[in-house]
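As they're listed, the protein sequences go chains A and B.
So for the first sequence, full-length UniProt numbering puts the first residue at 1; every next one is plus one.
So for the second sequence, full-length UniProt numbering puts the first residue at 1; every next one is plus one.
All C-beta atoms, glycine included, are put in the ideal place defined by N, C-alpha and C.
Let me begin by presenting the structure, written as structure tokens, before commenting on it.
2 protein chains.
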Amino acid sequence: MTPTAEPDSPADRQPEPGLRADAERNRERILTAARRLYASHGLGVSMACVAREADVGKATLSRRFATREELINAVFADRMDAYAAAAAEALADPDPWRGFTGYIEAVCAMQAADRGFADVLTMTFPAAKALEARRAEAYNAFLELIARAQASGHLRDDFTAEDLVILLMANAGVVAATADAAPDTWRRLVSQMLRAYATPGADLPPLEQPPAPTALYRAMVRLTRPAPDTGGAAERPDGR
Amino acid sequence: MTPTAEPDSPADRQPEPGLRADAERNRERILTAARRLYASHGLGVSMACVAREADVGKATLSRRFATREELINAVFADRMDAYAAAAAEALADPDPWRGFTGYIEAVCAMQAADRGFADVLTMTFPAAKALEARRAEAYNAFLELIARAQASGHLRDDFTAEDLVILLMANAGVVAATADAAPDTWRRLVSQMLRAYATPGADLPPLEQPPAPTALYRAMVRLTRPAPDTGGAAERPDGR
DNA sequence: ACGAAAATGGGTAGCCCGTTCCACTTGGTA
DNA sequence: TACCAAGTGGAACGGGCTACCCATTTTCGT
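Structural data, given as structure tokens:
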């Protein structure tokens, strides 16, 4: 699914040139900690929290990554590679419709596997230039994918690239709500959306089973308190 | 759409029996402030914020509504009535399929109109017993609605009540991400989902136009900082 | 091995949140 | 009208997060 690199490559990206050995080691620990925290709790985890988890001073974290965006950038660089790679891979599929559906599923699966990444895909941080380049790359590939799938007669003509954005937002909502109690719920959403995208003649994977009602219900009551945080992605709640 | 009560009934529910006149007035101001803040910023607005907006001491707020859930309960009681009423109304429609689609659209519209309500519908607070009763009521009506629509041959047999929950979660995600920059985006999602629910023969409303790409993009870059809050609905970010 | 530069982490200060306490004000009644 | 209890808001407290400073430790080239 992600032919590029191992899920968590031990040597992250470029080891950042002029860094002393111990500094580089700490950088790595910070990235690892942030990756774990972001994956399970979404972005919006406090910097202090990351530093604590990495067992590193707050100052060290600030020195290495001055802003939250910078950290996010570094953390999700490789995931973004995988994201772009998925589009290229889909484009390589001789069957345009299968490439299209495979891509949709792969991307949504990435969101489901990493709540932080789901946030990254639905709201982009202006500062995330490195990620932005990859996104643009994937976007162009996706446009081509759409054209081919429509030409093949399996994708409806009224499908637009914006629909992918909408799907990602919708999927992020489902993932955020169900990740803990019924983590496969998103599959049901995706298979239904594919039905909506397909022309009557296109063949579709069988509809995924909905989660057990009790599991979904537990997903809904999971949060006792709405969480001051941000849970994932919201705006400043204070009316300033 | 909501035949029950005026959008913001001046006299909220029962004026709470044994309260002094001024206390009741303050209660009202708190509810009004909370309603406004929740609607625009989602749940997760701080209690202090509500007190400030209501121009009331923090202590007063705490005394009137001891917990956040209590406040949310009171704020959304009437919205929940409208929610239940919508199901009843849909059930009254002689055309089961039109009742079904109308209900879906009405509920999603409610979510779009009030971000706080979107949160309420996707994650229920255990304490919200009053709301829970209404929810159960609506749920039963919806089950009947499903059965009739399926019997009419327009709703696919594999549609289940859980699909509504999934749709609500998905819609909440879209609404949360686009409310500011492209507030009609949710309509596109809903019309596509209805396509997925319908049997080939069913007639569907025309597909809503997707938002302009630039508007969607602005929606995505809206948030410069991921927001420590919760934006809307997430869990405690601190790893405690 | 030694010393300068790099790197660290604890500490402080400022802000916001939620909770609780308490002296003061207000309302309704006798 | 006068009084007492209900009600109020400000202040204080504890906790978390961010940003910043600086004394101490570690690394690495010589």
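Check, Outcome
"Member of A:V165, A:R29, A:T214 and A:D81 whose CA lies at the smallest distance from the CA of K60 of chain A", "Strictly speaking, residue 60 of chain A in this sequence is Thr, with Lys absent from that position. Considering only alpha carbons, the answer is A:R29."
"Coil, strand or helix - A198 of chain A by DSSP", "strand"
"Which listed residue (B:R25, B:G153, B:V45 and B:A181) has its alpha carbon closest to that of A212 of chain B", "B:A181"
"Nearest-angstrom beta carbon gap, N171 of chain B and L131 of chain B [assumed within contact, 8 Å]", "With 8 Å as the limit, L131 of chain B and N171 of chain B do not qualify as a contact, their Cβ atoms being about 18 Å apart."
"C-alpha gap between V174 of chain B and W186 of chain A, whole angstroms", "14 Å"
"Within chain A, partners of D163 of chain B - CB distance below 8 Å", "R188, Q192 and P210"
"Buried versus exposed call for D163 of chain A [16 or more other C-beta atoms within 10 Å across all chains shown]", "buried"
"Host alpha helix (DSSP H) of G173 of chain B (start-end)", "A161 to T178"
"Where the alpha helix (DSSP H) through M123 of chain B begins and ends", "Note, M123 of chain B: premise wrong, no alpha helix (DSSP H); not H, not E."
"Within-8 Å CB hit, T214 of chain B to chain A", "no"
"The segment 89-103 of chain B: positions lying closer than 7 Å to chain A by Cβ", "none"
"Helix, strand or coil at L145 of chain B according to DSSP, with G and I counted as helix", "helix"
"Distance CB(A196 of chain B)-CB(H154 of chain B) smaller than 8 Å", "no"
"Through-space distance from R134 of chain A to G201 of chain A, alpha-carbon basis", "34 Å"
"Strand pairing of L43 of chain A, partner residues [DSSP]", "According to DSSP, L43 of chain A bridges with nothing at all."
"Three-state secondary structure (DSSP) of L207 of chain B", "coil"
"CB contact below 8 Å: D158 of chain B versus chain A", "yes"
"Pair within 8 Å by beta-carbon distance, R27 of chain B and L37 of chain B", "no"
"Members of the segment 192-207 of chain B that neighbour chain A once the beta carbon cut-off is set at 9 Å", "Q192, M193, L194, R195, A196, Y197, P200 and L207"
"Test: A113 of chain A CB closer than 8 Å to a CB of chain B", "no"
"Where L155 of chain A sits in the DSSP three-state scheme", "strand"
"Inter-residue Cα distance where the pair is L167 of chain B and A23 of chain A", "47 Å"
"The alpha helix (DSSP H) enclosing F65 of chain B, as first and last residue numbers", "Premise fails: F65 of chain B is in no alpha helix (DSSP H) and is neither H nor E."
"Check whether A88 of chain A and A147 of chain A have beta carbons under 8 Å apart", "no"
"Contacts around residue 250 of chain B, its chain only, beta-carbon distance under 8 Å, and the 5 residues preceding and following it disregarded", "Nothing about residue 250 of chain B can be reported from this structure: the residues present for chain B run from 1 to 240 only."
"Host alpha helix (DSSP H) of R98 of chain A (start-end)", "P96 to A113"
"8 Å Cβ cutoff, T122 of chain A in contact with chain B", "yes"
"Burial state of R79 of chain B (16 or more Cβ within 10 Å)", "buried"
"CA nearest to the CA of Q150 of chain B, picked from B:L121, B:D95, B:A109 and B:D114", "B:D95"
"Distance CB(A138 of chain A)-CB(A84 of chain A) smaller than 8 Å", "yes"
"Alpha carbon of Y217 of chain B to alpha carbon of P210 of chain B, nearest angstrom", "12 Å"
"Partners in chain B for A172 of chain A, counting only beta-carbon separations shorter than 7 Å", "G173"
"C-beta atoms of G99 of chain A and L145 of chain A nearer than 8 Å", "yes"
"Pick from A:V165, A:M110 and A:M169 that is closest to A39 of chain A, judged by C-alpha positions", "A:M110"
"Alpha-carbon spacing of K58 of chain B relative to D157 of chain A, whole angstroms", "56 Å"
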